[in-house]
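Numbering (the numbering used here), first residue to last: 6 to 221. Cβ atoms here follow ideal geometry from the backbone N, Cα and C, with glycine treated the same way.
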């Protein structure tokens, strides 16, 4: 019985050793909701991770205003850069016909942005340009992974990006992509774990073979 459970125990232990580092940084992409209200945002500084999305919903149906959400990543005063965003005017509701089709196809009540690996870890400032001429400021905190978020000190995110900020998007677009070294590390960890497992099984089987030979 002991010889039956020993290989199984070794397998379980090695599986934990090999895969725990990979799972530590795992994060399931999520979508976070931010409400655009008459008196500001429901969250002024949400914290998210790579591949998460933020969905803004305009719920301001009391002030008869439209809201325009903008982010000027390159700080040029425009919102047409590769990492800029512009929601256009967001209305509290869009009129629909009897078939539930929007009468004005350009009318929108929500806006979504996905923060993939092209976005460098850091703080991103954005603004709500209201139709009454007022401006509401907010920030998004983007983390690379759980380790970065759980660090005892703030992550070394380098810069803040956004409205009227001096940033260099050309140098940040591909910073967070997985490098060949990262891929080789993961492959090596998996291969090394398999080799250790095989060695353990051979060591455990050797006494069994010796006992069989002696009994003969």
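Through-space distance from residue j to residue i, alpha-carbon basis
i: residue 58; j: residue 121; result: 9 angstroms
i: residue 39; j: residue 129; result: 15 angstroms
i: residue 131; j: residue 143; result: 6 angstroms
i: residue 68; j: residue 119; result: 29 angstroms
i: residue 137; j: residue 84; result: 20 angstroms
i: residue 5; j: residue 99; result: Within the shown structure, residues of the chain are numbered from 6 to 221, placing residue 5 beyond reach of any answer.
i: residue 139; j: residue 133; result: 8 angstroms
Beta-carbon proximity of residue i to residue j, cut-off 7 angstroms
i: residue 76; j: residue 89; result: yes
i: residue 148; j: residue 54; result: yes
i: residue 82; j: residue 141; result: no
i: residue 135; j: residue 50; result: no
Sequence-distant residues of the same chain with beta carbon closer than 8 angstroms to residue i, five excluded per side
i: residue 102; result: 108
i: residue 65; result: 41, 42, 43, 72, 97
i: residue 117; result: 36, 58, 59, 60, 61
i: residue 104; result: none
Residues of its chain near residue i, where Cβ-Cβ distance is below 6 angstroms and the 5 sequence neighbours each way are ignored
i: residue 63; result: 41, 72, 95, 97, 114
i: residue 86; result: 78, 79
i: residue 52; result: 146
Cutoff 7 angstroms: residue i Cβ touching any chain B Cβ
i: residue 64; result: Considering every chain present, this structure includes no chain B. It has just one protein chain.
Rounded Cβ spacing between residue i and residue j (contact assumed at less than 8 angstroms)
i: residue 92; j: residue 74; result: 4 angstroms
Buried/exposed call for residue i, threshold 16 Cβ in 10 Å
i: residue 127; result: buried
i: residue 125; result: buried
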